[in-house]
Amino acid sequence: MTYKAGSGHPGGSLSSADIMAVLYFGVMKHDPKNPKWEKRDRFFLSKGHACPVLYAALAEAGYFPKKHLATFRHLNSILQGHPHRLKTSGVEMSSGSLGQGLSIAAGMALGLKMDGNRLKVFCLMGDGELQEGQIWEAAMAAGHFKLNNLVGIVDYNNLQIDGSVEKVMGLAPLADKWRAFRWNVIEIDGHDVLQIKKAFIKAGQSKTKPTVIIARTVKGKGVSFMENQAGWHGRAPNKEEYMKAIAELNRRTV
Amino acid sequence: MSDLHLKKILELDSMKQQPTRFGYADALLDLGAKDKRVVVLDADLSKSTLTNRFAEKYPKRFFDIGIAEQNMLGMAGGLSLTGKIPFVTTYGVFLAGRAWDQIRTSICYADLNVKLAGAHGGLSVGPDGATHQALEEISIMRVLPNMKVIVPCDTHQARLATLEAAKISGPVYIRLGREPIPVITTNRTPFRFGEAQVMQQEKDVTIVACGLMVYLSLLAAQKLAKDGISCQVINLHTIKPIDRKAIIASAKKTGAVVTAEEHQLAGGMGSAVAEVLAQECPVTVEMVGVKDTFGESGQPWELMKKYHLMDGDIIKAAKKAVQRKK
Ligand SMILES: Cc1ncc(C[n+]2csc(CCOP(=O)(O)OP(=O)(O)O)c2C)c(N)n1
Ligand SMILES: [Mg+2]
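Chains Z and A, in that order, give the protein sequences. Just so you know, we're using this note's numbering here: the first sequence kicks off at 1376 and counts up by one. Just so you know, we're using this note's numbering here: the second sequence kicks off at 8 and counts up by one.
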């Protein structure tokens, strides 16, 4: 997708890929044939730059034909450079300005609870994104309103644009921070499909608190030359790199 | 001149007065009773925005989000996605200013059905000073696609505009004021969203105003009539979408337009009017408003005088406009 577009964000898309696969194909209740189905669980991609992984999941699930993936970031495409709810079937919310998604998810979770709905609301955030103050405003509110139907996921790849998160603006101790904001915390390996699945099941059983899954991940996962490289945050592969990456990823999936 | 003395000159003592936030609070109570989807959010200012009245009556549908405006906007967006109609309320500076990017991306770009009420608009906020006197919201709200902007001229109009906002789909910004201001419409004066209210039908000069400046424009028109200058006063309560037809029709008739607002001149209501006129009916324009400066502490009417937002300033501008068109 990013190769065809000539731009985009492969690194943070790949680090979230396993989480997204489990969510869309093993956890969430949703119906691609009926994207506005009222009883669907809701997913919000707060780190909007990782939309390639969302678009891939939506296309795989059948929200729109896969041929659209090649139009990502092109003029008149349904697949904008950052998610837009009014253009893409299955995209719940527009995002791209970091730090805003958890508030939306919290508002949604609150509204669903008011109506006695038992659906789940998921929100995927970047670790660098957690530097935004609004995230912690939302975290505080979700704890305060006891939004146990809300599940946050942190893609903890320890990279942002300017380098390692710990160097730019450290987050540790991250689990303690969330606990202090009255959240359940589950720490996992974000590339171990079983651990991911179990974490979501456990999050679903929370009685009074929102849950955050802190998923240790590798930015650029699955492509040797992209792994743990800040430089692959926001640049697309050229033809040669693309061929190599696809070959490596294919080997991993079989 | 003291605030009291100024109030006397403006004949305010003889007028019924109320802050526009009262009309807003009344409307919320009506909406609360009529429509279960209406919810209200505030950021620790419910006692002065008066959303506390809604909170008392409908505690389950009121959310104090704390001093966290950006999150408040996002949560309102999320609530709207579940079919609620959120009314988000705090001071205009903190609502439109601090949460502008949230309003842009999470509300306007996504075209969510969220209503924003910015209290404490304008200089007439008074003693709190510049930090609390919103003078920029009209510009920074009207520039956003999908946003609609309303500045009611009095408490009745604030009430009707709020009721109307609940019916309009998508984001709406309503500017409210802190200070009691003259009530110049009645309970039965119709409010038509997007349709300017032409209050006087004369021929020499048009005065387009919003908010408190509508009253001052009517005063100015009365005094101008004595000097042989007849005015058409237009209450431009809806700044976006702007009523091009009414503005052009009036400008064609008078050939001279004065704009008056309690807001920065740059990008505000006057600019919106000038944009229409420049494109479709270029006539002489004079603008009354705040001239690229912050406010300061003081009594409301002292500030209005110091920053040249009085009826006398409108009169001066009108005379100049009439002079220039000759
Ligand atoms: C408010 C805001 N500031 C800056 C950016 C530019 N930006 C895009 S991605 C990014 C780094 C994100 O890092 P992280 O959240 O760790 O994402 P990931 O590593 O998962 O890609 C930045 C600074 C933005 N999109 N929004
Ligand atoms: Mg990161």
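Quick reminder that beta carbons are idealized off the backbone N, C-alpha and C, glycines included.
Out of the options, which has the shortest C-alpha to C-alpha gap to residue i?
{"i": "Z/G1482", "options": "A/F69, A/A141, A/K155", "result": "A/F69"}
{"i": "Z/I1561", "options": "Z/P1407, Z/P1585, Z/D1490", "result": "Z/P1585"}
{"i": "A/D10", "options": "A/M148, A/G305, A/E209", "result": "A/G305"}
{"i": "Z/K1408", "options": "Z/S1469, Z/A1434, Z/Y1617", "result": "Z/A1434"}
{"i": "A/R251", "options": "A/K230, A/Y65, A/G274, A/E287", "result": "A/E287"}
{"i": "Z/F1447", "options": "Z/Y1378, Z/I1588, Z/P1612", "result": "Z/Y1378"}
{"i": "A/M22", "options": "A/P307, A/L226, A/F198", "result": "A/L226"}
{"i": "Z/N1559", "options": "Z/A1396, Z/A1547, Z/N1533, Z/I1588", "result": "Z/I1588"}
{"i": "Z/Y1430", "options": "Z/L1494, Z/S1452, Z/K1411, Z/K1414", "result": "Z/S1452"}
{"i": "A/L123", "options": "A/K332, A/I157, A/H139", "result": "A/I157"}
{"i": "A/H270", "options": "A/A279, A/D135, A/V264", "result": "A/A279"}
{"i": "A/F94", "options": "A/I249, A/A50, A/V329, A/I254", "result": "A/A50"}
{"i": "A/N78", "options": "A/L48, A/K333, A/K247", "result": "A/L48"}
{"i": "Z/K1594", "options": "Z/R1626, Z/V1529, Z/D1416", "result": "Z/V1529"}
{"i": "Z/G1401", "options": "Z/A1484, Z/G1437, Z/V1568, Z/P1427", "result": "Z/V1568"}
{"i": "A/S257", "options": "A/N153, A/R28, A/K210", "result": "A/K210"}
{"i": "A/V290", "options": "A/K260, A/G274, A/Q208", "result": "A/K260"}
{"i": "Z/P1548", "options": "Z/D1537, Z/A1620, Z/Y1531", "result": "Z/Y1531"}
{"i": "A/D299", "options": "A/K312, A/I322, A/V283, A/G275", "result": "A/G275"}
{"i": "Z/A1396", "options": "Z/G1565, Z/T1583, Z/K1582, Z/G1579", "result": "Z/G1565"}
{"i": "A/G133", "options": "A/H12, A/P307, A/V205", "result": "A/P307"}
{"i": "Z/G1471", "options": "Z/C1498, Z/A1513, Z/S1421, Z/L1494", "result": "Z/S1421"}
{"i": "Z/R1493", "options": "Z/G1503, Z/G1456, Z/G1579", "result": "Z/G1579"}
{"i": "A/K54", "options": "A/V46, A/R28, A/R44", "result": "A/R28"}
{"i": "Z/Y1399", "options": "Z/G1381, Z/W1412, Z/A1425, Z/G1437", "result": "Z/G1437"}
{"i": "A/K41", "options": "A/L19, A/I92, A/D71", "result": "A/I92"}
{"i": "A/S131", "options": "A/E202, A/G99, A/N194", "result": "A/G99"}
{"i": "Z/M1500", "options": "Z/D1416, Z/P1410, Z/T1592", "result": "Z/T1592"}
{"i": "Z/I1394", "options": "Z/A1480, Z/P1440, Z/F1497", "result": "Z/F1497"}
{"i": "A/W107", "options": "A/I145, A/D71, A/K15", "result": "A/I145"}
{"i": "A/L223", "options": "A/S176, A/P189, A/F101", "result": "A/P189"}
{"i": "Z/T1583", "options": "Z/R1557, Z/M1601, Z/I1536", "result": "Z/R1557"}
Could you check how far apart the C-beta atoms of residue i and residue j are, in whole angstroms? I think they sit under 8 Å.
{"i": "A/E186", "j": "A/G218", "result": "About 11 Å; that fails the 8 Å criterion."}
{"i": "A/I236", "j": "A/K326", "result": "7 Å"}
{"i": "A/T169", "j": "A/A34", "result": "3 Å"}
{"i": "A/G30", "j": "A/A165", "result": "3 Å"}
{"i": "Z/N1533", "j": "Z/V1540", "result": "5 Å"}
{"i": "Z/G1597", "j": "Z/E1623", "result": "6 Å"}
{"i": "A/A324", "j": "A/V265", "result": "5 Å"}
{"i": "A/T89", "j": "Z/L1487", "result": "6 Å"}
{"i": "Z/Q1475", "j": "A/S113", "result": "5 Å"}
{"i": "A/L183", "j": "A/A126", "result": "5 Å"}
{"i": "A/I254", "j": "A/L284", "result": "7 Å"}
{"i": "Z/A1590", "j": "Z/W1553", "result": "Not a contact, Cβ separation roughly 13 Å."}
{"i": "Z/L1454", "j": "Z/H1443", "result": "6 Å"}
Got a sec: does ligand 2 put a non-hydrogen atom nearer than 7 Å to the Cβ of residue i?
{"i": "Z/V1680", "result": "Residue coverage of chain Z in this structure runs from 1376 to 1629, which leaves residue 1680 of chain Z outside it and unanswerable."}
{"i": "Z/Q1535", "result": "yes"}
{"i": "Z/G1632", "result": "Since the first residue shown for chain Z is 1376 and the last is 1629, residue 1632 of chain Z is missing from the structure and cannot be characterised."}
{"i": "Z/N1603", "result": "no"}
{"i": "Z/K1594", "result": "yes"}
{"i": "Z/D1502", "result": "yes"}
Does at least one heavy atom of ligand 1 sit under 7 Å from the Cβ of residue i?
{"i": "Z/K1552", "result": "no"}
{"i": "Z/D1564", "result": "no"}
{"i": "A/N78", "result": "no"}
{"i": "Z/D1530", "result": "yes"}
{"i": "Z/D1393", "result": "no"}
{"i": "Z/A1425", "result": "yes"}
{"i": "A/S146", "result": "no"}
{"i": "Z/W1519", "result": "Contrary to the premise, residue 1519 of chain Z reads as His rather than Trp in this sequence. No."}
{"i": "A/L36", "result": "no"}
{"i": "Z/G1474", "result": "yes"}
{"i": "Z/H1459", "result": "no"}
{"i": "Z/G1545", "result": "no"}
{"i": "A/S113", "result": "no"}
{"i": "Z/H1608", "result": "yes"}
{"i": "Z/S1469", "result": "no"}
{"i": "Z/S1390", "result": "yes"}
{"i": "A/H336", "result": "Chain A is shown only over 8 to 333; residue 336 of chain A falls outside these bounds and no answer can be derived."}
#### Entry: Cβ contact (3+ pairs, closer than 8 Å) linking the region 1563-1573 of chain Z and the region 1509-1521 of chain Z
no
#### Entry: Contact between the region 1461-1472 of chain Z and the region 54-65 of chain A (3+ Cβ pairs under 8 Å)
Touching, no, given that fewer than three Cβ pairs across the two stretches are closer than 8 Å.
### At least three beta-carbon pairs within less than 8 Å, the region 1599-1608 of chain Z to the region 1384-1399 of chain Z
A contact between stretches requires three or more CB pairs, one per stretch, nearer than 8 Å, and the region 1599-1608 of chain Z meets this requirement with the region 1384-1399 of chain Z.
### Message
Counting beta carbon pairs with one atom in the region 310-328 of chain A and one in the region 282-302 of chain A, are three or more of them shorter than 8 Å?
### Response
yes
### Query
Does the region 137-144 of chain A touch the region 77-87 of chain A, meaning 3 or more C-beta pairs lie closer than 8 Å?
no
### Message
Across the region 239-253 of chain A and the region 148-156 of chain A, are there enough close Cβ pairs to call them in contact, namely three or more that are closer than 8 Å?
### Response
yes
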